[in-house]
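Report on one structure; see the data block that follows.
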Amino acid sequence: MNDLAHSQAAPELQAPEQAPAPQPAPAPAPAAEPVAADARARPIPRINIQAFCEDQKTAAVLQQVSEDRRLSKAHVTVQMGGIEAGTAFYRNAPTPNLIMVESLHDRDGMLADLERLAAVCDSGTKVLVVGHVNDVLLYRQLMQRGVSEYLVMPLTASDVMMSLSAIYSDPDAEPVGQVVAFVGAKGGVGSSTVCHNTAWAISETIETDVVIADLDLAFGTAGLDFNQDPVQGIADALISPDRLDEVLLDRLLSRCSDHLSLFAAPGTLEQTYDLDPGACDTVIDVVRSNVPYMAVDVPHVWTNWARQVLMHADHIVLTAAPDLANLRNAKNLIDKIKSTRSNDAPPLLVLNQVGLPKRPEISVREFAGALECEPKAVIDFDAQLFGTAANNGQMIEEVSNKAKAAEQFRDLAYLLSERTEPKAQRTSLLAPILSRLNLRKAGA
Ligand SMILES: Nc1ncnc2c1ncn2[C@@H]1O[C@H](COP(=O)(O)OP(=O)(O)O)[C@@H](O)[C@H]1O
Ligand SMILES: [Mg+2]
Numbered sequence: 020m021n022d023l024a025h026s027q028a029a030p031e032l033q034a035p036e037q038a039p040a041p042q043p044a045p046a047p048a049p050a051a052e053p054v055a056a057d058a059r060a061r062p063i064p065r066i067n068i069q070a071f072c073e074d075q076k077t078a079a080v081l082q083q084v085s086e087d088r089r090l091s092k093a094h095v096t097v098q099m100g101g102i103e104a105g106t107a108f109y110r111n112a113p114t115p116n117l118i119m120v121e122s123l124h125d126r127d128g129m130l131a132d133l134e135r136l137a138a139v140c141d142s143g144t145k146v147l148v149v150g151h152v153n154d155v156l157l158y159r160q161l162m163q164r165g166v167s168e169y170l171v172m173p174l175t176a177s178d179v180m181m182s183l184s185a186i187y188s189d190p191d192a193e194p195v196g197q198v199v200a201f202v203g204a205k206g207g208v209g210s211s212t213v214c215h216n217t218a219w220a221i222s223e224t225i226e227t228d229v230v231i232a233d234l235d236l237a238f239g240t241a242g243l244d245f246n247q248d249p250v251q252g253i254a255d256a257l258i259s260p261d262r263l264d265e266v267l268l269d270r271l272l273s274r275c276s277d278h279l280s281l282f283a284a285p286g287t288l289e290q291t292y293d294l295d296p297g298a299c300d301t302v303i304d305v306v307r308s309n310v311p312y313m314a315v316d317v318p319h320v321w322t323n324w325a326r327q328v329l330m331h332a333d334h335i336v337l338t339a340a341p342d343l344a345n346l347r348n349a350k351n352l353i354d355k356i357k358s359t360r361s362n363d364a365p366p367l368l369v370l371n372q373v374g375l376p377k378r379p380e381i382s383v384r385e386f387a388g389a390l391e392c393e394p395k396a397v398i399d400f401d402a403q404l405f406g407t408a409a410n411n412g413q414m415i416e417e418v419s420n421k422a423k424a425a426e427q428f429r430d431l432a433y434l435l436s437e438r439t440e441p442k443a444q445r446t447s448l449l450a451p452i453l454s455r456l457n458l459r460k461a462g463a
């Protein structure tokens, strides 16, 4: 609902009230009709769906939809309170991939309510509206504002299932997932560490599903960093990419937490791997059509496949340490990336391992000046913190959530997911003014 999210809704000038605890939805009505009708509906990706209903009957239908096999990978919650409860809730919480809201109002009332919801909606969130008026003009106005679908009660679970399926299998729609490629300017500069911690932070802070793909097949450490038993995961997928679909993907992923899964590398020397660029593309496409975020840990190599993975990603995070070799390599990489991707934002630079005692270093200012690129994070060298995390198979935040590095990974997560500030801070006095200037969600 990008248009709606960036519409010029008049901001409320009073401080937003505390979000009421949403009421749980009732148990499904026993008389609700079975969903069986539409075996053709496609499975829904691993997205978050949150519904705010007005009517118990609607809640019962949506509850029934949430139990459908095709939604088994999605995280669905059904609550009461309609658009108003949703709007209050999202003032302090990130918006999911899809919001379903019910309105009992007519055209004007519904549009006004949706404007308020739009003001707290993150970009990329889709909205499906359930209403009680069959009004073509209203339908058109909703579509113009970026609403994905308008459904009129009474509805069956099967109707809703078909609509969800249509939203997510529309070939013209943007893919569900964003791909973020992480690469180091040199080996050992902490690119994998930045990749794993940032991916973990995305999965924790915005509570959305993330897959980490470790493309360092022989030496990758993602499995170790998340304390997972060795799995073949990604090697199998890359060897026979055409077999990969959502079912096989599920078997090859190892789950680290509620929202984070790993496409782990074997990390053994039994085989050599000369990856095929086409195979990498196919695997990334399957993951991105099923999962909202994919963090690709690209090893420090310059091969056809590695270059292609970087150049095809939605975002690139380049990690460098403050020495001359890093500076030269970072400069070359940034120039190459900028010239190949002239319509994209430049790579996001992270300076890592800064301030190692007794090591002569290039200053952050000089480094940034030479690259004409400001680092988005400057992470201190901290052998104790990073060494403990690596040896325990933990993330930095799990070792110490007060550590500056933990906060820096959270900031990178917000930046990459275009959620630029924690919602709690949005209730600042400036929030209404920023919103009026239409800057709040635009990353200003
Ligand atoms: N800021 C840091 N301070 C201290 N050690 C770090 C820091 N960042 C990463 N490391 C350590 O550096 C080593 C190499 O990190 P890794 O992420 O594997 O690098 P890369 O993927 O770039 O080769 C790891 O042992 C990691 O724990
Ligand atoms: Mg690495």
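Residue numbers for the sequence shown follow the working numbering, beginning at 20 and rising by one.
Heads up, the beta-carbon is just placed ideally off N, CA and C, and yes, glycines get one too.
Report yes if the C-beta of residue i is less than 7 Å from at least one heavy atom of ligand 1; otherwise report no.
i	result
Gly406	yes
Phe428	no
Ile253	no
Ala409	yes
Phe400	yes
Gln372	yes
His151	no
Thr217	no
Val198	no
Gly207	yes
Thr224	no
Gly165	no
If you measure from the CB of residue i, is any heavy atom of ligand 2 nearer than 7 Å?
i	result
Asp235	yes
Pro64	no
Pro318	yes
Ser210	yes
Does the beta-carbon of residue i have 16 or more other beta-carbons within 10 angstroms, so that it is buried, or is it exposed?
i	result
Val373	buried
Ala70	buried
Gln75	exposed
Glu391	exposed
Asn345	buried
Gln82	buried
Leu156	exposed
Glu416	buried
Met99	buried
Leu343	exposed
To the nearest angstrom, how far is it from the Cα of residue i to the Cα of residue j?
i	j	result
Pro311	Ser276	15 Å
Lys377	Phe400	12 Å
Asp261	Leu271	14 Å
Asp89	Ser167	It should be noted that the sequence gives Arg, not Asp, for residue 89. Cα to Cα, the separation comes out at about 19 Å.
Asp178	Val266	24 Å
Ile231	Gln160	39 Å
Asn216	Leu174	43 Å
Pro192	Gly143	According to the sequence provided, residue 192 is Ala. The question's Pro does not apply to it. Distance between the alpha carbons of Ala192 and Gly143 is about 12 Å.
Val54	Ile66	Residue confidence is low: Val54 scores 44 on pLDDT, short of 50, so the model does not pin down where it sits. No coordinate-derived value is stated.
Thr322	Tyr169	47 Å
Pro158	Leu263	Looking at the sequence itself, residue 158 is Tyr, so the reference to Pro does not match. Going from the Cα of Tyr158 to the Cα of Leu263 covers about 38 Å.
Val171	Val148	9 Å
Ala51	Asp87	Reliability of the predicted coordinates at Ala51 is poor, the pLDDT of 46 falling under 50, and the value obtained from them is presented with this limitation in mind. So the alpha carbons of these two residues sit roughly 13 Å apart.
Arg110	Leu130	19 Å
Val97	Val146	14 Å
Asp244	Ala409	6 Å
Arg467	Pro365	Since the displayed the chain opens at 20 and closes at 463, residue 467 lies outside it and no answer follows.
Arg429	Glu437	12 Å
Asn411	Met162	50 Å
Ser358	Asn351	11 Å
Should residue i be counted as a contact of ligand 4 given a C-beta to heavy atom distance under 7 Å?
i	result
Gly206	No copy of ligand 4 appears in this structure; the ligands present are ligand 1 and ligand 2.
When you compare the stretch 308–316 with the stretch 193–202, are there three or more beta-carbon pairs, one atom per stretch, that lie closer than 8 Å?
Judged by Cβ distances under 8 Å, the stretch 308–316 makes contact with the stretch 193–202, as three or more pairs qualify.
Do the stretch 361–370 and the stretch 324–339 make contact, defined as three or more Cβ pairs closer than 8 Å?
Under the three-pair Cβ rule at 8 Å, the stretch 361–370 counts as touching the stretch 324–339.
On the three-pair Cβ rule with 8 Å, is the stretch 299–307 touching the stretch 236–251?
Contact between the stretch 299–307 and the stretch 236–251 is absent, because fewer than three Cβ pairs lie under 8 Å.
With three or more beta-carbon pairs closer than 8 Å as the criterion, would you say the stretch 279–287 touches the stretch 220–234?
With a cut-off of 8 Å on Cβ pairs, the stretch 279–287 is in contact with the stretch 220–234, counting three or more such pairs.
Given 8 Å as the limit, is there contact between the stretch 228–242 and the stretch 381–388, that is, 3 or more CB pairs closer than that?
Taking a cut-off of 8 Å for Cβ pairs, the stretch 228–242 and the stretch 381–388 do not touch, as fewer than three such pairs fall below it.
The stretch 120–139 in contact with the stretch 147–154 per 3-pair CB rule at 8 Å:
With contact defined as three or more Cβ pairs closer than 8 Å, the stretch 120–139 and the stretch 147–154 are in contact.
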